[in-house]
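S.K.:
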Amino acid sequence: MTVAARQKELATLFRRARVIPVLTIERLEDAVRLAEALVAGGFGTLEVTLRTPVAIEAAKAIIGEVPDAVVGIGTILSPNDLARAEELGARFGVSPGATPELLKAAAASTVPFVPGIATASELMQALAHGFELAKFFPAEQAGGIKGLRALAGPFPNARFCPTGGIGEANAVSWLVEPNVVAVGGSWLCPPAEIRAGNWTSITAMCQRTVKSLKPT
Ligand code: 3PG
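Note that the sequence shown ends on residue 258 in our numbering; no numbers are left out.
(1) Among the candidates Gly106, Val113, Ile104, Pro157, whose CA atom is the shortest distance from the CA of Pro121?
(2) Say the cut is 6 Å; is the CB of Gly206 nearer than that to a heavy atom of the ligand 3PG?
(3) Can you tell me the Cα-Cα spacing of Leu76 and Cys203, whole angstroms?
(4) Looking only at DSSP bridge pairs, what is Phe134 linked to?
(5) Do the CB positions of Gly135 and Leu145 come within less than 7 Å of each other?
(6) So Lys177 and Gly226 are supposed to be a Cβ contact under 8 Å. How far apart are they, rounded?
(7) Between Ala162, Thr161, Ile67, Ser151, which has its C-alpha nearest Pro95's C-alpha?
(8) Between the beta-carbon of Ala127 and the beta-carbon of Val153, is there less than 7 Å?
(9) Taking all protein chains shown into account, decide if Gly131 is buried (16 or more other Cβ within 10 angstroms of its Cβ) or exposed.
(10) With DSSP as the reference, label Phe202 as helix, strand or coil.
(11) Going by C-alpha to C-alpha distance, which of Glu219, Gly116, Ala211 sits closest to Gly195?
(12) Quick check on Val74: does DSSP put it in helix, strand or coil?
(13) Comparing alpha-carbon positions, which option in Leu52, Ile244, Arg93, Gln167 lies nearest Ile118?
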């Protein structure tokens with residue numbers, strides 16, 4: 043499958059998901075419970091970040107034990123991280139950035155990949171490698187919705203998953219942008235709730251977000 047075909051499939055998956063929770067898992071025993079809480083709340087397409095020592099084991103546990111979750115790996119910083127995601131059977135990989143080295147490795151990998159971009163030049167590099175779907179990161183800080191709109195002119199084919207500073211209050215205003223397929227964010231996984239094992243409150247928060255996305 044070509045990069046373009048993989049990206050197209052991924053864009054469809056993201057469009058269906060609308061919101062991609064970004065998970066940072068400190069304790070392995072939280073992984074499955076957290077994923078189940080998110081799936082129960084309506085968000086099953088998950089980005090498990092490689093930011094903690096247990097991240098890989100956590101992703102493995104979710105893939106093995108939560109069949110309704112679609113698990114991607116985030117915070118991919120190097121070709122080695124991408125290879126780990128591929129080994130795990132991750133459905134996609136997400137990076138906060140887009141180094142030439144990583145883009146090259148991602149184009150050759152079987153894992154659908156979403157590079158991170160914040161500028162026109164970074165987006166041009168991603169597009170040159172065939173990546174038309176990019177993470178706009180950090181979305182609010184890198185120009186917000188106006189910044190993203192400005193990129194739509196010169197890059198009409200680019201599609202985005204803005205992430206960074208997005209929450210229940212502003213998710214919908216990003217999602218109505220024509221070049222946005224989904225938004226990502228950590229707001230559905232508050233560390234205090236995870237630490238306390240408040241799974242029902244995480245599910246309730248997801249359900250609230252689902253409601254807020256419905257056209258009124
Ligand atoms: C990410 O890795 O995508 C970000 O940390 C998520 O940003 P947020 O915490 O502002 O949602």
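C-beta: ideal position from N, C-alpha, C; glycine also. Note that the coordinates shown come from a computational prediction; the quantities given were computed from them, not determined experimentally.
M.R.: Once the coordinates are examined:
(1) Pro157
(2) yes
(3) 22 Å
(4) Gly114
(5) no
(6) 7 Å
(7) Ile67
(8) yes
(9) exposed
(10) strand
(11) Glu219
(12) helix
(13) Arg93
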